[in-house]
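**Student:**
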Amino acid sequence: MSMLVNPGDLNPEDLREAIRRLQQELPDLLGSSYSSFIAELNTLLPQGSNDELLTLFFLYPAAYNRLQHFLGFFSAGHGLYGDSISKPAVLYICPVGEHYVDEMDVQQKDVFGRPICPKHGKLLRLAP
Ligand SMILES: [Zn+2]
Numbered sequence: 003m004s005m006l007v008n009p010g011d012l013n014p015e016d017l018r019e020a021i022r023r024l025q026q027e028l029p030d031l032l033g034s035s036y037s038s039f040i041a042e043l044n045t046l047l048p049q050g051s052n053d054e055l056l057t058l059f060f061l062y063p064a065a066y067n068r069l070q071h072f073l074g075f076f077s078a079g080h081g082l083y084g085d086s087i088s089k090p091a092v093l094y095i096c097p098v099g100e101h102y103v104d105e106m107d108v109q110q111k112d113v114f115g116r117p118i119c120p121k122h123g124k125l126l127r128l129a130p
């Protein structure tokens, strides 16, 4: 796996926002590694550099892949890196555990065309 994110290009606030969005998924993603990961993350979050944070994530591929996903959401959807013309990515919230689901990850819709969580089978609502 290669380092897809260039730490130098990344706004530290964007990285922290992506981590914040990811955090609720971490217990599922990391399983038994969760507690040691979180301990390291909490040490780094207050003043760690992008590089240090990404290096930690890099050691945990499941978390790293999801982080890439959220960072891609920022760059593709919010125009923070220059492209404000592209269509914003749509992000939903699942009522189970309040985790986020990207429009791209929705595989099923109900009869009214409303998106359903691929993991929990519950109706999603639009993220604020
Ligand atoms: Zn869900």
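Following this note's numbering, the numbering of the sequence shown begins with 3 at its first residue and continues without gaps. Note that beta-carbon positions come from the ideal geometry of N, C-alpha and C, so glycine has one too.
Residues in the same chain with beta-carbon distance under 8 angstroms from F39, minus the five sequence neighbours each way, listed in chain order, please.
**Tutor:** Here the question's residue 39 lines up with position 37 in the sequence shown. Only L28, L32, L58, Y62, A65 meet the Cβ criterion.
**Student:** Within the structure, which residues are defined as neighbours of ligand 1 by a Cβ-heavy atom distance below 7 angstroms, reported in chain order?
**Tutor:** This criterion selects C96, V98, G99, H101, V103, C119, K121, H122, K124.
**Student:** Between the Cα of L17 and the Cα atoms of S37, S34, L46, A41, which residue gives the shortest distance?
**Tutor:** As a first step, residue 17 is located in the sequence shown; it is residue number 15 there, counting from the start. Of S37, S34, L46, A41, the residue nearest in Cα terms is L46.
**Student:** Apply the 10 Å Cβ neighbour rule to V103 and answer buried if 16 or more other Cβ atoms are within range, or exposed otherwise.
**Tutor:** Walking along the sequence shown from the start, residue 103 turns up at place 101. Per the 10 Å Cβ criterion, buried.
**Student:** Helix or strand or just coil, what does DSSP make of Y36?
**Tutor:** As a first step, residue 36 must be located in the sequence shown, where it is residue number 34. DSSP places Y36 in helix when its eight states are reduced to three.
**Student:** By Cβ distance below 6 angstroms, which residues in the same chain neighbour V108 in space, the five residues on each side in sequence not counted?
**Tutor:** Locating residue 108 in the sequence shown gives position 106, where the first residue counts as 1. P117, listed in sequence order.
**Student:** What's the call for F72, buried or exposed, on a 16-neighbour Cβ count within 10 Å?
**Tutor:** Position 70 of the sequence shown, counted from the first residue, corresponds to residue 72. F72 is buried by the Cβ-count criterion.
**Student:** Would you say L12 and R68 are within 7 angstroms of each other, going by their C-beta atoms?
**Tutor:** Numbered from its first residue, the sequence shown carries residue 12 at position 10. Numbered from its first residue, the sequence shown carries residue 68 at position 66. Contact flag unset, no.
**Student:** Look up D112 in the DSSP assignment and say whether it is helix, strand or coil.
**Tutor:** Residue 112 sits at position 110 when you count from the first residue of the sequence shown. D112 falls in the coil class under three-state DSSP.
**Student:** Once you ignore the five residues that flank F60 on each side, which residues in its own chain have a CB closer than 6 angstroms to its CB?
**Tutor:** Here residue 60 is taken as the residue at index 58 of the sequence shown, counted from 1. Once the five neighbours on either side are set aside, the close Cβ partners of F60 are Y66.
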